[in-house]
């Protein structure tokens, strides 16, 4: 038996508006841009809902009805769920309809899409718990498999997830980690017994996520027939882990590229061969035995050619601003002020630090880089002024800043 | 006495100290019954009644509009309605031709020209009218370029014109020394006439500081260091940030407010973050009006760390708004101001030492501020115009010496 394990990640951050030093200590509305620009979260959510969430979910629901073998997994962050509740209940309902089929599994993660694991274990656990409760409330299921922000992963994370009772964890199928091995199997993380590891087949995943609409790609146009054939050529494989951003469908690859039709054709083509099926992440873990142990002492992610955290933490602006934010933890939590605590958490979303990344900006290759700001420096200035406002709110509560 | 004054900018259209110095000098001279025609390279309404302002146009030009700072391009609107942009060198030549046409119909005793952009025009007038020319040096090319390797074309103009001048005015002893050093101009031809400030011309603070964040932090025991100016190599900001790192180590409750824009902005943001003092350093970008005044007002110490500053007006403005000043010894203002702290721009340890001393002692801060203010109150452009007037008398043709 061979299974396609399709896993899509849904996320939107609360972007910080143009927030100046003259706002610090005066207004606390960091996330409420009223301008006609790319920091207006409501506008962006509407745009993505109409270009991606609504049409993709409509197709996925059709496929689920048409093909009883089709299954998939989703991770949906707390920050995007809040935005859907507030600005697009219709799109939220479309996700709930998918889950109601019983063939869509939700994956656990941090509510705020944060890098808290690397800075504060207690805060990290709190956010994972917040996310679990939000998923239970909206989708009526309890996640059993964990993914950390940006598929960041190391041995310590696996040990944590094992002890927390997860049956599986997801990460990148990065060559220096796998060495001669294939990502198309289930693995066991180092230093653990119970938990299993699923690693992204980045070649196949990126064929869809990045190369699908590229006319210069040698394999263009990619058809479901061709794609199924590629998978069939690996005779020993058990599971093909196709992990990607949900927004691949309709946002990164626009509808006119034919990506929705590809999605609909893939189960038809793949299921033509006896023994081929689809599985959720839990099912893959339940059905296949681990073939080997994988040791990852250094943190890996699914990002960039480096597959590390350098896009989030690589420069001084990123490192010092995130450290300053986590240094506030005890005082922020000590206020018991829920609005203040939530603003602090929304500032932990990894996207804020990604916008400060200069490695592409310095190369002049700013097209490789999605940001609502003109420069990484503006991202940093806005973030730090919001941080400074948190300081003044601590001061008002009589806390040290 | 009739003076033909050749200048490049006047308030409110000035990019820096040059326009303000010209304005204040002419205003003071007009009280001594000096009749000034001030020739600018552009049209604008200045609201000035104490002298006659003329825009020098080459033939066929209806209007000249400047785009921003003095080193930017100019937009020429021709008489036939066409528009064209001209760079700083082209503009300078056009100014020369226009001034040459203008003086055909003018009688005057002396030409007084400010900085290199007008020097070619001054030489041309001397050639045409055989009148004395006084060249006023507010900065030389080695100041502006932060070292000996300036623009060779600019250096050529400065060298020739300063040798041909009947008299040279330097805004400080260090500027005089630079003229002698860089161009070999005989020292006895150069008169040092320091700039000054008009204490009566200060718009007062309104008691409600725009930097709410800093007000709150000051009430919590923080102290604020300010710098206001262009973020360019001449101003020496990297050394201030390196000193700031040392200050923060000893006195963590120190904040640095950097007001201004310039080509070093991003570099300085990076540097502050790399030095680990990102949260302590606030970059506001360019500010004017109330936000500009309040930056002086909120400071516990104003620091001007310039590598090379022919005069340097901002420390006097800071003192006028109640903040003491630390200035680099490589500034003209350090020659006339006694009640301030002084440091070599390259001596980061000593800069940190002096900043920390003020941060840790409000007594020291207040003593410096009060005594500096007494000096400030005695300053006047009238003393400056006396000296300039004496030079006019000395050089005017046929006038009694």
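Chains as they are written, first to last, in our numbering: chain L, 1366 to 1766; chain P, 1323 to 1723. In this text, a Cβ means the ideal position worked out from N, Cα and C, and glycines have one as well. For clarity, every value in this text was computed on a predicted model and none was experimentally measured.
(message) Rounded to the nearest angstrom, what separates residue 1510(P) and residue 1709(P) at their Cα positions?
(response) Working through the second chain from its first residue, we reach residue 1510(P) at position 188. Working through the second chain from its first residue, we reach residue 1709(P) at position 387. Approximately 15 Å between the Cα atoms of the pair.
(message) Can you pull out the residues from the segment 1468-1500 of chain P whose beta carbon lies closer than 7 Å to at least one beta carbon of chain L?
(response) none
(message) Given a cut-off of 8 Å on the beta-carbon distance, is the pair residue 1442(L) and residue 1376(L) in contact?
(response) Working through the first chain from its first residue, we reach residue 1442(L) at position 77. Working through the first chain from its first residue, we reach residue 1376(L) at position 11. In this structure, residue 1376(L) lies closer than 8 Å to residue 1442(L) by Cβ.
(message) Per DSSP, what are the beta-bridge partners of residue 1510(L) in this structure?
(response) For the purposes of this step, residue 1510(L) is taken as residue 145 along the first chain, with counting starting at 1. In the DSSP assignment, the residues bridged to residue 1510(L) are 1533(L).
(message) Tell me which residues share the same chain as residue 1432(P) and place their Cβ nearer than 7 Å to its Cβ, disregarding the 5 neighbours each side in the sequence.
(response) By one-based count along the second chain, residue 1432(P) stands at place 110. Result list for residue 1432(P): 1325, 1453, 1454, 1456, 1714, 1717 and 1718, in chain order.
(request) Let me know the secondary structure DSSP gives residue 1418(L) once reduced to three states. (result) Residue 1418(L) sits at position 53 when you count from the first residue of the first chain. In the three-state DSSP reduction, residue 1418(L) falls in the helix class (H, G or I).
(request) Using a Cβ cut-off of 8 Å, pull out every chain L residue sitting near residue 1613(P), in sequence order please. (result) Position 291 of the second chain, counted from the start, is the residue given in the question as residue 1613(P). The answer, in chain order, is 1387.
(request) Could you spell out where the alpha helix (DSSP H) holding residue 1573(L) opens and where it closes? (result) Sequence index remark: in the first chain, residue 1573(L) carries index 208 (1-based). Counting along the chain, the alpha helix (DSSP H) containing residue 1573(L) begins and ends at 1567-1574.
(request) Taking 8 Å as the cut-off, decide whether the C-beta atoms of residue 1469(L) and residue 1635(L) are in contact. (result) The residue given as residue 1469(L) occupies position 104 in the first chain. The residue given as residue 1635(L) occupies position 270 in the first chain. In this structure, residue 1635(L) does not lie closer than 8 Å to residue 1469(L) by Cβ.
(request) Run down chain L in chain order and give the residues with a C-beta less than 8 Å from the C-beta of residue 1534(P). (result) Looking up residue 1534(P) in the second chain gives position 212. Near residue 1534(P) (Cβ distances below 8 Å), the residues of chain L are 1387, 1389, 1390, 1391 and 1757.
(message) Which of the three DSSP states is assigned to residue 1356(P) in this structure?
(response) Locating residue 1356(P) in the second chain gives position 34, counting from the first residue. Secondary structure of residue 1356(P) (DSSP, three-state): coil.
(message) Three or more C-beta pairs under 8 Å: does that hold for the segment 1422-1438 of chain P against the segment 1457-1467 of chain P?
(response) yes
(request) Go ahead and pull the three-state DSSP assignment for residue 1476(L). (result) Walking along the first chain from the start, residue 1476(L) turns up at place 111. Note: residue 1476(L) maps to coil in three-state DSSP.
(message) Along the chain, where does the beta strand (DSSP E) containing residue 1500(L) start, and where does it finish?
(response) Taking the first chain and counting its residues from 1, the one referred to as residue 1500(L) is at position 135. Per DSSP, residue 1500(L) belongs to no beta strand (DSSP E); it is in the alpha helix (DSSP H), 1486-1504.
(message) I need the straight-line Cα distance from residue 1507(P) to residue 1479(P), nearest angstrom please.
(response) Start at 1 with the first residue of the second chain, and residue 1507(P) comes out as number 185. Start at 1 with the first residue of the second chain, and residue 1479(P) comes out as number 157. So the alpha carbons of these two residues sit roughly 13 Å apart.
(message) Please identify, using Cβ separations under 7 Å, the residues of the segment 1682-1702 of chain L that lie next to chain P, in order along the chain.
(response) 1682, 1685, 1686 and 1689
(message) Determine, for residue 1601(P), whether the minimum Cβ-Cβ distance to residues of chain L falls below 8 Å.
(response) On the second chain, position 279 is the one that residue 1601(P) refers to. By this cut-off, residue 1601(P) is an interface position.
(message) If you follow the alpha helix (DSSP H) that residue 1455(L) is in, where does it begin and where does it stop?
(response) Taking the first residue of the first chain as 1, we reach residue 1455(L) at position 90. From DSSP, the alpha helix (DSSP H) with residue 1455(L) extends over 1454-1465.
(request) Between the Cα of residue 1471(L) and those of 1524(L), 1372(L), 1489(L) and 1693(L), spot the shortest distance and give me the residue it belongs to. (result) As a position in the first chain, residue 1471(L) is number 106, starting the count at 1. Per the Cα distances, 1372(L).
(message) Could you pull the DSSP bridge partners for residue 1721(L) from this structure?
(response) Within the first chain, the letter at position 356 stands for residue 1721(L). BP columns for residue 1721(L) are empty, so no partner.
(request) Determine the extent of the beta strand (DSSP E) in which residue 1605(L) is found, giving its start and end residues. (result) Here residue 1605(L) corresponds to residue number 240 of the first chain, with the count starting at 1. Segment 1604-1610, the beta strand (DSSP E) holding residue 1605(L).
(request) Check the Cβ of residue 1542(P) against every Cβ in chain L and list those closer than 7 Å, keeping chain order. (result) Working through the second chain from its first residue, we reach residue 1542(P) at position 220. 1760 and 1766, listed in chain order.
(request) Give a yes or no on whether the minimum CB-CB distance between residue 1621(P) and chain L is below 8 Å. (result) What you label residue 1621(P) is simply residue 299 of the second chain in a count that begins at 1. No, no contact with chain L.
(request) Enumerate in chain order the residues of its own chain whose CB-to-CB distance from residue 1763(L) is below 8 Å, with the five nearest sequence positions on each side excluded. (result) Sequence index remark: in the first chain, residue 1763(L) carries index 398 (1-based). Spatial neighbours of residue 1763(L) in its own chain (CB-CB distance under 8 Å, excluding positions within 5 residues in sequence) are not present.
(request) Please confirm whether residue 1511(L) and residue 1473(L) have their CB atoms less than 8 Å apart. (result) Numbered from its first residue, the first chain carries residue 1511(L) at position 146. Numbered from its first residue, the first chain carries residue 1473(L) at position 108. Yes.
(message) Run through the DSSP bridge pairs and tell me what residue 1397(P) is partnered with.
(response) Mapped onto the second chain, residue 1397(P) falls at position 75. Answer by DSSP bridge pairing, in chain order: 1387(P) and 1407(P).
(request) Below 7 Å CB to CB, which residues in the same chain sit around residue 1697(P) once its five sequence neighbours on both sides are set aside? (result) Translated into the one-based positions of the second chain, residue 1697(P) becomes position 375. For residue 1697(P), where only same-chain residues beyond five positions count, the Cβ hits under 7 Å are 1659, 1660 and 1661.
(request) For residue 1382(L), return the contacting residues in chain P, with the cut-off set at a CB-CB distance below 9 Å. (result) Along the first chain, one-based indexing puts residue 1382(L) at 17. The premise fails here: residue 1382(L) is roughly 16 Å from chain P at the closest Cβ pair, so nothing lies under 9 Å.
(message) According to DSSP, is residue 1553(P) part of a helix, a strand, or is it coil?
(response) Position 231 of the second chain, counted from the first residue, corresponds to residue 1553(P). Here residue 1553(P) sits in coil by DSSP.
(request) Run the CB neighbour count on residue 1624(P), radius 10 Å, all protein chains shown included, and call it buried at 16 or more, exposed below. (result) In the second chain, counting from the first residue as 1, residue 1624(P) sits at position 302. Label assigned to residue 1624(P): buried.
(request) Quick one: residues in its chain with C-beta nearer than 7 Å to the C-beta of residue 1347(P), no 5 flanking neighbours on either side, listed in chain order? (result) Looking up residue 1347(P) in the second chain gives position 25. Counting only Cβ-Cβ distances below 7 Å, and skipping sequence neighbours, we find 1703, 1706, 1707 and 1710.
(request) Examine chain L for any beta-carbon lying closer than 8 Å to the beta-carbon of residue 1606(P), and answer yes or no. (result) Reading the second chain from its first residue, position 284 is the one you call residue 1606(P). Yes, its Cβ sits closer than 8 Å to a Cβ of chain L.
(request) Starting from residue 1741(L), follow the alpha helix (DSSP H) in both directions and report where the run begins and ends. (result) The residue labelled residue 1741(L) in the question sits at position 376 within the first chain. It spans 1741-1761 - the alpha helix (DSSP H) in which residue 1741(L) sits, taken as one unbroken run.
(request) Check whether the Cβ atoms of residue 1451(P) and residue 1482(P) sit closer than 8 Å, and answer yes or no. (result) For this step, residue 1451(P) is matched to residue 129 along the second chain. For this step, residue 1482(P) is matched to residue 160 along the second chain. Result no, Cβ atoms of residue 1451(P) and residue 1482(P) do not sit closer than 8 Å.
(message) So within the segment 1623-1709 of chain L, which uninterrupted beta strand (DSSP E) runs reach at least 3 residues, ignoring any that extend past its ends?
(response) 1641-1643
(message) Which complete alpha helix (DSSP H) runs does the segment 1422-1469 of chain P hold, if anything under 4 residues is left out?
(response) 1441-1451 and 1463-1466
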